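Asker: If you scroll down you'll find the structure; I have some questions about it.
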Amino acid sequence: MSGEKGKNEIKEIKNSPLVKILLKNSFFDEKTLQTLLLYYLGKARNFEEIGLKVGMGRSGAWKRWKRGKDNLMRAFYTLELALYLGLLEEEIAQLMLDDLSDYLDLRRGRKTLQEVQENMQKRMVMSLRGLGKSI
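The C-terminal residue of the sequence shown carries number 397 in our numbering, and the numbering is unbroken.
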């Protein structure tokens, strides 16, 4: 895969209105998200290649990936703690449950990525409207 094609795919993902909102409110910054996407979507073979695609060295790409992975685990533990202590509102818990159910369907081959993304986007829009926000 050419570096330009990988950059275009990442750019397309980053231009999604939902991705912009989620990124703004997440533990990730833009470069870390790019690094994670390249790594987990198999758009690069190693950290040197990832670094070239995001404009940094191999060790910088590894550090971004590590930071992203660590932040993902922090988010997981934060949610686990909230669940354990009963801190999540029912609406939020249901939204997460529906999103996770769709994700499992994707991993098991029952739904396509596009179907899952469309479902998540619909639910997020409904949720934001309920909170008085807009995309």
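The C-beta atom is built at its ideal place from N, Cα and C for all residues, glycine as well.
These numbers were taken from a predicted model, which means no experiment stands behind them.
If the criterion is Cβ atoms closer than 8 Å, does the pair residue 357 and residue 385 meet it?
Answerer: A contact, by the Cβ cut-off of 8 Å.
Asker: Count the C-beta pairs between the segment 357-367 and the segment 310-330 that are closer than 8 Å, then say yes if the count reaches three, no if not.
Answerer: As far as the Cβ criterion goes, the segment 357-367 does not touch the segment 310-330, which means the pair count is below three.
Asker: Is the beta carbon of residue 336 less than 8 Å from the beta carbon of residue 289?
Answerer: Closer than 8 Å, so yes.
Asker: Tell me which residues share the same chain as residue 301 and place their Cβ nearer than 7 Å to its Cβ, disregarding the 5 neighbours each side in the sequence.
Answerer: Excluding residues within five positions, the ones whose Cβ falls inside 7 Å are 312, 327.
Asker: Could you check the C-alpha separation between residue 390 and residue 354 for me, to the nearest Å?
Answerer: Their backbone Cα atoms lie some 11 Å apart in a straight line.
Asker: Among 382, 318, 370, which residue has its Cα nearest to the Cα of residue 297?
Answerer: Checking every option, the nearest Cα to that of residue 297 belongs to 318.
Asker: Residue 297 by DSSP, collapsed to three states: which one?
Answerer: If DSSP states are grouped into helix, strand and coil, residue 297 belongs with the helices.
Asker: Can you give the Cα-Cα distance for residue 382 and residue 375, rounded to whole angstroms?
Answerer: For residue 382 and residue 375, the distance between alpha carbons rounds to 11 Å.
Asker: Buried or exposed: where does residue 338 fall if 16 or more other Cβ atoms within 10 Å of its Cβ makes it buried?
Answerer: Burial call: exposed.
Asker: What do you reckon, are the CB atoms on residue 292 and residue 284 nearer than 8 Å?
Answerer: The answer is no: Cβ separation not under 8 Å.
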